[in-house]
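Working notes, beginning with the structure itself.
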Amino acid sequence: SQKSSKREWKPLEDHSCTDVPWLLLFILFCVGMGFICGFSIATGAAARLLSGYDSYGNICGQKNVKVEGIINSGLDLTHKKYVFFLDPCNIDLVHQKIKSLALCVSACPRKELKTLADIQKFAETNGSTLCSYELQPSEYTTDPRAAKLCPKYPVPESAPIPFFHRCAPVNISCYAKFAEALITFVSDSSVLHRLISGVMTSKEIIMGLCLLSLVLSMILMVIIRYISRVLVWILTILVILGSLGGTGVLWWLYAKQRVSTSAVESQIAKDNLQALLIYAISATVFTVILFLIMLIMRKRVALTIALFHVAGKVFIHLPLLVFQPFWTFFVLILFWTYWITVLLFLGTTGNPVPNEEGFVEFRMVGPLKYMWWYHVVGLIWISEFILACQQMTVAGAVVTYYFTREKRNLPFTPILASVNRLVCYHLGTVAKGSFIITLVKIPRMILMYIHTQLKGKENACARCMLKACICCLWCLEKCLTYLNQNAYTATAINSTNFCTSAKDAFVILVENALRVAAINTVGDFMLFLGKVLIVCSTGLAGIMLLNYQRDYTIWVLPLIIVCLFAFLVAHCFLSIYEMVVDVLFLCFAIDTKYNDGSPGREFYMDKVLMEFVENSRKSMKEAGRGGGAEGRELKPMVGADEE
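In the UniProt record's numbering, the protein residues as written are 1 to 643.
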């Protein structure tokens, strides 16, 4: 510990590669993900997924190889390109598949077929046989096997799904069981049609409002530094009025009840009076504690306002920061698309195996059947890795801004310089940090899965324990995410590996615990108010615009879509703002710890933060030098060498 306290912070002086073994491990893991994709394509899963296959293991639209012990396998189905289910509405919700005989046909029935005679006529006119391969169209109405080998009639009108060559019923009411939640909400299909027509008619307005929420979010990020002081005062006044009002009402109710109870001597009335007294005393104690906390925190709130002010300046100097959420979202969407595609491949990979009904299923045997788990871990780790890359990029850019004394000497694009540093030196650190989050996330997801599976089966005690475990893991995940973010900032400053950075950042945060609490409570609430402001503004504009649309009756769905999008956009942008404030705070804490403004130890900080430090020093001198928690917290700690 003596060694670590002596080790100076040298912002941006040297860059070295960090956590290289973890980068190699991550690359190996990604190679494994690639192997799963390659394996599923090589075993014909891609062809089975895209072209579709029948219940006998034949892929539609090509010549097939005979499967041992299965009749009707190994057929030439070059001209039969579509999969047709004899009973498409028979869905097994547990195993998430259609429990029906599947055949390859040359065309989907484009109109409803009510009888076997209609099915026979369809086969003769379109050349598309909808009964099993062993029956000829002429036998449809005469052969007794037709009841089992022909579709359940009436055969619904169906159309091929684009790219996937499956005949799907046009009327979705067939899937009522599958979409119970939707159908209960819109039990009448006319309501569904009105909702959809509402969205389609106002699609220009929806797109315009979504664009408005984007513009409002960008404007808010620029002006929040000017209104942060006002927001803090509004918040403070609301809290004071709320707590005083609540306490006052409780005492007034107690006094009123006491007067009326003196006339009535019932036990219930006395119990009620007793309860009111307890509530009133509790509320008074809570209000007093709240006031004391606000009194202690008032100086630290000034730091939050100063940091918000500087964060606004950062966005003016580094305008590309605003676009961070876009490319992160774009990369995540690309990765998720790839992941889902490979997941679908895995669903159709494996060897053909006859099931109990005599039809073919594709199952993986041996250790290969555990590829699913590897693929799921990959989803979590790589998603966390992408998000961590964003955090490291933001941290690197803000650190460069903070520790460059002459802002004129900033790199042309600090963001691109930060991305370059990340790719060249710190990918291993990001891989390690994201892996730690993955280690906590996986047990939480397993417990959540167990909880949903046991719903209604387990006793109350077991349910309570499961929920407690899930809650604890969630809290741990949030704490680790916060610590990780600060560790990335420390890595960006000093080029140290993940563990050293996390330890250094943790020490700084503990030394400034009260300030951290103030920034995370006051700052987060200000950003929450910002999100509410954007959603309300967009929603209000939506109501005014949609009100002029008289072409349809229901505009609830367009408004919900717009408000959800507005919240999502506001959250993405303001989370970047929150990240910038957190990085600035760590830089500020390190600056005040190792510098004191004397020659050779000049501060790096902005004028606004310098004013905050000067004001704090004046108040410290007045309160008696170095006295109290504020004194201990703000002492420049030049004594890093003397300790």
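Built from N, CA and C at the ideal position, the CB exists for glycine as well. As the structure is a computational prediction, the values presented were derived from the model and not from experiment.
Cut-off 8 Å between Cβ atoms - residues of its own chain near residue i, not counting five sequence neighbours on either side
| i | result |
| --- | --- |
| Asp14 | Ser495 |
| Gly69 | Pro354 |
| Phe308 | Ile224, Arg225, Ser228, Gly523, Met526 and Val581 |
| Pro160 | Tyr82, Cys108, Arg166, Cys167 and Ala168 |
| Asn64 | Gly57, Asn58, Ser73, Gly74, Leu75, Asp76 and Leu77 |
| Asn171 | Pro156 and Glu157 |
| Ala46 | Ser40 and Phe345 |
| Ile470 | Arg444, Leu447, Met448 and His451 |
Per DSSP, cross-strand counterpart(s) of residue i
| i | result |
| --- | --- |
| Ala168 | Ala159 |
| Lys63 | Asp76 |
| Pro352 | Phe362 |
| Leu113 | Val155 |
| Tyr53 | Ile59 |
Cβ neighbours of residue i in the same chain (closer than 7 Å, five flanking residues each side left out)
| i | result |
| --- | --- |
| Glu384 | Ser434, Ile437 and Thr438 |
| Gln390 | Gln324 and Thr328 |
| Ala306 | Val608, Leu609 and Phe612 |
| Ile487 | According to the sequence displayed, residue 487 carries Ala and not Ile. Closer than 7 Å at the Cβ level, and outside the excluded window around Ala487, lie Gly433, Phe498, Ser501, Ala502 and Ala505. |
| Arg300 | Leu514, Arg515 and Ala518 |
Host beta strand (DSSP E) of residue i (start-end)
| i | result |
| --- | --- |
| Val83 | Tyr82 to Phe85 |
| Leu103 | Ala102 to Val105 |
Same chain, Cβ closer than 6 Å to residue i, five either side skipped, listed in chain order
| i | result |
| --- | --- |
| Lys111 | Glu157 |
| His79 | Ser106 |
| Leu77 | Asn58, Cys60 and Cys104 |
| Leu410 | Thr404 |
| Pro11 | Phe403 and Ile493 |
| Leu182 | For Leu182, the pLDDT reaches just 41, beneath the cut-off of 50, and the residue's location in the model is therefore unreliable, leaving the point undetermined. |
| Asp188 | With a pLDDT of 46 at Asp188, under the threshold of 50, the predicted position of this residue should be treated as unreliable, though the coordinate-derived value follows. None. |
Outcome for residue i when other beta-carbon atoms lying within 10 angstroms are tallied against a minimum of 16
| i | result |
| --- | --- |
| Cys60 | buried |
| Arg632 | With a pLDDT of only 46 at Arg632, under 50, the local geometry of the prediction cannot be trusted, and no value is derived from it. |
| Ile205 | buried |
| Gly626 | For Gly626, the predicted model reports a pLDDT of 46, less than 50, meaning its position is unreliable; a value from the coordinates is still stated below. Result: exposed. |
| Met610 | exposed |
| Ala490 | buried |
| Trp373 | exposed |
| Asp87 | exposed |
| Asp54 | buried |
| Val249 | exposed |
| Trp381 | buried |
| Gly358 | exposed |
| Glu356 | exposed |
| Pro109 | buried |
| Thr400 | buried |
| Ala42 | exposed |
| Gly350 | buried |
| Trp22 | buried |
| Gly600 | exposed |
| Asp606 | buried |
| Lys441 | buried |
| Gln120 | buried |
| Val342 | buried |
| Glu578 | buried |
| Asn615 | exposed |
| Leu564 | exposed |
| Lys531 | buried |
| Arg408 | exposed |
| Thr247 | buried |
| Pro144 | exposed |
The alpha helix (DSSP H) enclosing residue i, as first and last residue numbers
| i | result |
| --- | --- |
| Gly530 | Asp524 to Leu546 |
| Gly34 | Val20 to Ala42 |
| Phe603 | Note, Phe603: premise wrong, no alpha helix (DSSP H); not H, not E. |
| Phe573 | Val556 to Tyr594 |
| Ser202 | Note, Ser202: premise wrong, no alpha helix (DSSP H); not H, not E. |
| Ser501 | Phe498 to Glu511 |
| Ile70 | Here Ile70 belongs to no alpha helix (DSSP H), and DSSP marks it neither H nor E. |
| Gln324 | Gln324 to Gly347 |
| Lys148 | Ala146 to Leu149 |
(request) With a floor of 4 residues, list each alpha helix (DSSP H) that falls wholly inside the segment 398 to 486, ordered by position along the chain. (result) 414 to 421 and 427 to 453
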